[in-house]
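Q: This structure is in structure tokens; I'll ask about it shortly.
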Amino acid sequence: MNKWIPAILSLVISILLITALNTRIGSIPPLGKFLDPISGVWRNALIPDIPKDHEIRLPGVREQVRIIYNDRGVPHIFAENDYDLYYAMGYALARHRLWQMEFSTMAAAGRISEIVGEIAQHYDSHQRRIGMTWGAERIHEYMMRDRQTAEILQAYIDGVNAWISQLRPGTLPLEYKLLDYAPSAWSPEMTAIFYMNMNQTLTSGTSSYQLSTMQALLGREITEVLFPDFPPNLEPIITSGTEWPFEAQTREPGDVNFIPEFLSETVTRAIGERDAGIGSNNWAVSGEKTASGAAMLATDPHLTLSLPAIWYEIQLNAPGINNYGVTLPGVPGIIMGFNEHISWGNTNTGWKGFDIFEVELNDELTHYLHDGLWKPLSYRIEEIRIRGAKSRIDTVYYTHHGPVAYRAHEISFEDDTVPVGHAISWIAHKSTNPVEAFYIINRAPDLATFREGLSLLAGPTQNYAAASINGDILMQTNGLHPVRYTGMGKYLLNGRNPANDWTEFIPFEQLPYELNPARGFVSSANQHTTDEQYPYYLGWRFASEARGTIINRALEQMENITHQDMIDLQLNSDNYRAAQWLDEMLDATYAYLHTQEMPVNSTEMLDRLAVWNRVNEAESTEALVFNTWLDETHELLWAPLFNGGDKFINTRLPDITVSLETLFGRYHPELYAELTGAEPDAGRLLAQSFNATLEHLTQTFGEPGDSWQWWKVNGSSIHHLLDIPALNLPRLQNDGSSESPNAVRNNHGPSWRMVVEMTTPVQAWGVYPGGQTGNPASKGYTAFIDDWQQGRHYELRKFDFWEQAVVHGKSAIIINPAR
Amino acid sequence: MLIIIITIVLALLLQLILPWWSAPLVAFLVAASFKQKPLYAFINGFTAIFLLWFVVASGIYLFNSGILGDRLAALFSLPYGYLTVVVTALIGGLAAGSAALSGNLLRTAIANPSEVLEEQSEQVNLNPDL
């Protein structure tokens, strides 16, 4: 009988062991299941980057669809009708990027707790609080009203789901195995939430909280000088002096000196300045300036780089459409690219449609104060499902402005953007049909039709550069821009006063726009869209003039431009600040040193800067020293302003151009004296900050020498969406800076570089950092990284018909309708 | 040796249609079907699945030029990519060895005392190499 004891003991231990190896514990994957070489993670290394030739039958497909893959894994889809086209697109995207598609929509919708458990619940709650799911529902409902859009969405979904349904546990993408979950079916709501995701990335930035803090500290007038609507050295996107032939709508100013109650209180708590915004470049040159005589377009959106890559290359060919470009995994249609008539690329507008209103709710949370009346507050119940725990129910309250992100006395998840007790008005909450917009854009035979498509897009608000085969070049701002009184939205707004409400939007026809300007090119780099002559207030916070100035000076001088010249300009890593101010900085520093006993511990380094080529090269010591020096000077110049102040107050430093001009006494010297007690002593400040620079760099990198290289602080670091070190890339040794056209900066950078020459046939070149497949177990995951880093573009071959594709393709999938 | 081969073949076949735990399940069933000393049962079960998983994972590791192996090594803080193959095989082996031991002990418990003597003599023939 006692033989049963060891038997049962051993059985229990075995079962516990196997259960443990089948369970995800903390962040450790279920080890047995995960490492199983037959259907665990090892199996993912057998998934080919480019599928082999084969023929299949799939339910739903109406006629034969053919997908040919080139040697880089780019699918060229040839379909006979729209349904089949978008079906195959969904199918192809899911093959390479299923996990990314689903994860990014779940992240946008605030559903990460479903995957990782309680640790994500505050993040998820934040997404619900800013109305991500609410906005997605509105967009979804609006899109589905259009019959054609509904069919395209259905086709895309059917394609994605056809791919999902043939997956087995062994062939699930690696990340599902790592986190131990499985994909659910794709739905139109997920595409809608993806559009919200785009908007969150591109249009949810605002500094009104910071500016209101500055206003509370310094008063309105001084804040306006330090943070001007139109800063010195302005280099607007639309040619300066452009006249606007229309009568603009006007509105009465609201309460312009408003300071929200919470800022008047003494206890203010928030964190430091947010990182500089996301930037991009695009430009188009007319045929007069090119060697071939055809117009040319260049675009490179700078985004937070990630793996799997943000973009996916694809060609769509069906009756009425022959388009090549990049798409975002999750949406039908091509976002940036070219057809046989036009090419286009987009950059973000510096100013965003995201305003913050202080609101007053009653204690019972049934009403809020507006226009002297207590108006009913509506609410929405958000259920946050949590893996391994009970769901959490969160209530989000809505005013007519939009959702109240955090009520007073709550704790805000991102307390540097939206303070508590405030509601958000955001263009992402407005009804729009991006599917239809890109449907028209992808098929546009000319720039007029292109603009028509663009007019349907509420957001993201961007500047589209476009070129056509007829030689036309265009710069067009799109999206919803509220009609604002001057300064509206620059600061936190009083949500009780109807004079601050969002009412009208600038009509599309009156948005900044430029067709075939006299200078022979259009260009944008997130700087001010227009000069002061544009009759609407477009906001104040744009990217600095740095990239725009470098690009515009280059384009003005260039003649007989070839596509290689365009590529070279995309890779330009000039240091704008050094070109403009370094000589003056050195002169002032040397002059000061001559009058002082104090020796700079390395005049040698100053001498090196004097002869530096002023390019942000990866290995450059001078670039590292200069850029650090600039930061130190920036901080030191304004330090007196914040002395004795609460470190945690959500403040903001004036921009670099304003700061450098202030330093050299050219920008409101009297104001600086008034604020700090003395006019800036450039020489002393520069010498001090130079010493601090050398000290800091020595601390970090040791004595000056080979270890002092710019890329070590600025080179690209491209991380997997989960930011698991094993799936990230080590920092790349690349040139550039956020203020160079080659806008490489840590995890930000050119996410898709494309150059298109509008010859017949159209020729194009492009590259993005990543690879077509999102499978981290494969070589293809990082296939384009080296070429992207070295600035080598691939030729983008658009095939006009199937037979041509077959000759150049690597493998083909023939999809037949299931009987 | 025969027990190891039977375990490997059955585990491979079953793993093609069932999840990973079919490997220890096979080890359990095989150990429950053959008479062995408990220690040998563990060693045979362990060896069979260790070998199976080691060979398959090694093959994939080489085919894949170590790309995945290096990522997994980083994930589990191992110094070399190839060690992930060893860790994989160890985990499979441990689960299978433990299951095989259970199978063996259960068989002994169910069997009557007279069979226990036979089991020991048979053991030598089945595992001449151990």
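Protein sequences, first through last, are from chains D and B.
If you count the first sequence from 1, you need to add 9 to reach this note's numbering.
If you count the second sequence from 1, you need to add 108 to reach this note's numbering.
Built from N, CA and C at the ideal position, the CB exists for glycine as well.
Treat the numbers as computed from the prediction; the structure is a model and nothing was measured.
State the Cα-Cα distance for the pair K12 of chain D and I22 of chain D, rounded to the nearest angstrom.
A: Cα to Cα, K12 of chain D sits roughly 16 Å from I22 of chain D.
Q: What is the DSSP secondary structure of D583 of chain D, counted as helix, strand or coil?
A: Strand.
Q: Among the residues of its own chain, which have a CB less than 7 Å from the CB of E593 of chain D, if the five just before and after it don't count?
A: F673, listed in sequence order.
Q: I want to verify the contact list: residues of chain D whose CB lies under 7 Å from the CB of S206 of chain B, in sequence order.
A: Ordered by position in chain D, the residues that pass the 7 Å Cβ test against S206 of chain B are I22, S23, L26.
Q: I'd like to know if P132 of chain B contacts chain D, where contact means its C-beta is closer than 8 Å to some C-beta of that chain.
A: Yes, its Cβ sits closer than 8 Å to a Cβ of chain D.
Q: In this structure, how does DSSP classify W128 of chain B when only helix, strand and coil are distinguished?
A: Of the three classes helix, strand and coil, the one that applies to W128 of chain B here is coil, per DSSP.
Q: Between the stretch 185 to 198 of chain D and the stretch 147 to 166 of chain D, can you find at least three pairs of beta-carbon atoms closer than 8 Å?
A: The answer is yes - the stretch 185 to 198 of chain D touches the stretch 147 to 166 of chain D, with three or more Cβ pairs under 8 Å.
Q: Just verifying my parser: in three-state terms, what is the DSSP assignment at K186 of chain D?
A: Three-state result, K186 of chain D: helix.
Q: Just how far apart, CA to CA, sit R179 of chain B and E184 of chain D?
A: Rounded to whole angstroms, R179 of chain B to E184 of chain D spans 13 Å at the Cα level.
Q: Apart from the five residues on each side of it in sequence, which residues of its chain come closer than 7 Å, Cβ to Cβ, to L595 of chain D?
A: The residues are L615, L618, A619.
Q: Over what stretch of residues does the beta strand (DSSP E) that includes R550 of chain D continue unbroken?
A: Note, R550 of chain D: premise wrong, no beta strand (DSSP E); not H, not E.
Q: Any C-beta of chain B within less than 7 Å: which residues of the stretch 116 to 141 of chain D qualify?
A: Cβ contacts with chain B: none found.
Q: What does W13 of chain D reach in chain B if we use C-beta pairs closer than 7 Å?
A: The contacting residues are A217.
Q: For chain D, is any of its Cβ atoms less than 8 Å away from the one on P127 of chain B?
A: P127 of chain B counts as touching chain D.
Q: If I'm right that I247 of chain D touches T538 of chain D with Cβ under 8 Å, what's the distance once you round it to whole angstroms?
A: Yes, they are in contact, since the Cβ atoms of I247 of chain D and T538 of chain D sit about 6 Å apart, within 8 Å.
Q: Can you give the Cα-Cα distance for I665 of chain D and S698 of chain D, rounded to whole angstroms?
A: Each residue's alpha carbon lies about 15 Å from the other.
Q: Is the shortest distance between the beta-carbon of S315 of chain D and the beta-carbons of chain B less than 8 Å?
A: Chain B contact via Cβ: absent.
Q: List the residues of chain B that I733 of chain D touches, going by C-beta distances under 8 Å, in chain order.
A: Those are L183, listed as they occur along chain B.
Q: Since V50 of chain D meets chain B, which of its residues come closer than 8 Å, beta carbon to beta carbon?
A: What V50 of chain D touches in chain B: L176, L180.
Q: Does the CB of V138 of chain B have a neighbour CB from chain D at under 8 Å?
A: With 8 Å as the cut-off, V138 of chain B does not count as an interface residue toward chain D.
Q: Suppose contacts are defined by Cβ-Cβ distances below 8 Å. Is D809 of chain D in contact with S582 of chain D by that definition?
A: The answer is no: Cβ separation not under 8 Å.
Q: What would DSSP say about L234 of chain B, mapped onto helix, strand or coil?
A: Note on L234 of chain B: pLDDT 44, under 50, position unreliable in the model; the coordinate value appears next. The answer is helix: DSSP assigns L234 of chain B an H, G or I state.
Q: Any beta carbon of chain B sitting closer than 8 Å to that of P57 of chain D?
A: With 8 Å as the cut-off, P57 of chain D does not count as an interface residue toward chain B.
Q: Using a Cβ-Cβ cutoff of 9 Å, what residues of the stretch 553 to 569 of chain D are near chain B? List them in chain order.
A: Residues: none.
Q: What residues in its chain sit with their C-beta under 7 Å from that of M345 of chain D, if we drop five residues either side in the sequence?
A: These residues qualify, in order along the chain: T308, G334, V335, W353, G354, N355, W761, M763.
Q: So V164 of chain B contacts chain D; which residues on that side make the cut at Cβ distance below 8 Å?
A: Those are P46, I47, W51, listed as they occur along chain D.
Q: Who are the near neighbours of A563 of chain D in its chain, counting only those whose CB is closer than 8 Å to its CB and skipping five residues on each side?
A: These residues qualify, in order along the chain: L578, N581.
Q: Please return the same chain residues whose Cβ sits closer than 7 Å to the Cβ of F255 of chain D, not counting the five positions on each side in sequence.
A: Hits under 7 Å: Q519.
Q: How would you label Q175 of chain D, buried or exposed, when you count the other beta carbons within 10 angstroms and need 16 or more for buried?
A: Its Cβ having fewer than 16 others within 10 Å, Q175 of chain D is exposed.
Q: Identify, in the order they occur along the chain, each residue of the same chain with its Cβ nearer than 6 Å to the Cβ of W549 of chain D, setting aside the five sequence neighbours on each side.
A: Here the set comprises D238, K499.
Q: Relative to the C-alpha of P516 of chain D, which residue among D:Q536, D:E461, D:D455, D:G686 is closest?
A: The shortest Cα separation from P516 of chain D among D:Q536, D:E461, D:D455, D:G686 belongs to D:E461.
Q: In whole angstroms, what separates the C-alpha of F214 of chain B from that of N784 of chain D?
A: One detail in the question is off: residue 214 of chain B reads as Leu in this sequence, not Phe. Rounded to whole angstroms, L214 of chain B to N784 of chain D spans 44 Å at the Cα level.
Q: Excluding the five sequence neighbours on either side, which residues of its own chain have a C-beta within less than 6 Å of the C-beta of H422 of chain D, listed in chain order?
A: Reading off the sequence shown, one finds Phe at residue 422 of chain D, where the question assumed His. Counting only Cβ-Cβ distances below 6 Å, and skipping sequence neighbours, we find H131, H135.
Q: Measuring straight from C-alpha to C-alpha, what distance separates S249 of chain D and D540 of chain D?
A: Each residue's Cα considered, the two are about 6 Å apart.
Q: I need the straight-line Cα distance from G49 of chain D to T313 of chain D, nearest angstrom please.
A: Looking at the two C-alpha atoms, the distance is approximately 31 Å.
Q: Report back the beta-carbon spacing between N53 of chain D and A786 of chain D to the nearest angstrom; my notes put them in contact at under 8 Å.
A: Indeed, because the Cβ distance is near 4 Å, the residues count as touching under 8 Å.
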